[in-house]
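Asks: Using my numbering, read the sequence shown as starting at 50 and increasing by one per residue. Glycine included, C-beta positions come from ideal geometry on N, C-alpha and C. None of these values were measured; they are calculated from a predicted model. Supplied in structure tokens, the structure appears directly below.
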Amino acid sequence: MKVKRSKILLVSAILGLLYSIYIISYFSNGIFGSKGSTEVLGAAIATAVVTPHIILVVLATIFNWIAYFSNKRGFALTGGILYAVGGAIFIMYIIFVIPSMILSFVGYAKLKKIIEINNSITIEDKK
């Protein structure tokens, strides 16, 4: 029987992946696309300020994908917490993190029922 997975965690992971790609490309383009030395310096400072946010969001996205594929509640909770901390660390970009954070926490709550369904299917298959 096919293992049931959380669609909410899938959406959260996809949103996190899209945002991670966007923010990494935005700030890397800022550094490598700059022409003057003052532009490069400004872009480097901006990137240094945002780097903890980027790291936390990328880690949260990784934990989200692990939670989706493994159906482990702890990974979903960790992803949601990392999204929350990443948003709090760079408050200007919290609006981009809120949907993934909420979906991670909802996915964490719903995953308990999905795990029970998967366990009951496994028990029925053994009979």
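(1) Thinking C-alpha only, which one of Lys121, Ile103 and Phe76 is nearest Val134?
(2) Identify whether Ser55 lies in helix, strand or coil by the three-state DSSP scheme.
(3) For the alpha helix (DSSP H) containing Gly123, name the first residue and the last one.
(4) I'd like the span of the alpha helix (DSSP H) that includes Ser86, first residue to last.
(5) Check the C-beta distance from Phe124 over to Ala137 and give it rounded, since I have them as a contact under 8 Å.
(6) Among Asn78, Ile144, Tyr75 and Leu58, which one has its Cα closest to the Cα of Ile111?
(7) Beta carbon of Ser61, beta carbon of Leu152: below 8 Å?
(8) Determine the burial state of Glu82: buried for a count of at least 16 other Cβ atoms within 10 Å of its Cβ, exposed for fewer.
(9) Just the C-alpha distance for Ala199 and Met150, rounded to the nearest angstrom, thanks.
Replies: Concretely, from the data shown:
(1) Residue numbering aside, residue 134 sits at position 85 when the sequence shown is read from its first letter. Ranking the options by Cα distance to Val134, first place goes to Ile103.
(2) Residue numbering aside, residue 55 sits at position 6 when the sequence shown is read from its first letter. Ser55 falls in the coil class under three-state DSSP.
(3) The count along the sequence shown starts at 1 and reaches residue 123 at position 74. First-last of the alpha helix (DSSP H) with Gly123: Arg122 to Ile138.
(4) For this step, residue 86 is matched to residue 37 along the sequence shown. Per DSSP, Ser86 belongs to the alpha helix (DSSP H) from Ser86 to Ser119.
(5) Here residue 124 refers to the residue found at position 75 when the sequence shown is read from its first residue. Here residue 137 refers to the residue found at position 88 when the sequence shown is read from its first residue. Contact flag wrong, Cβ pair sits at about 20 Å.
(6) By one-based count along the sequence shown, residue 111 stands at place 62. The option with the nearest alpha carbon to Ile111 is Leu58.
(7) One-based indexing of the sequence shown puts residue 61 at position 12. One-based indexing of the sequence shown puts residue 152 at position 103. Yes, the Cβ-Cβ distance between Ser61 and Leu152 is below 8 Å.
(8) Numbered from its first residue, the sequence shown carries residue 82 at position 33. In the sequence on display, residue 82 carries Gly and not Glu. Looking at its Cβ environment, which holds fewer than 16 other Cβ atoms inside 10 Å, Gly82 is exposed.
(9) No answer is possible for residue 199: the residues shown for the chain start at 50 and end at 176.
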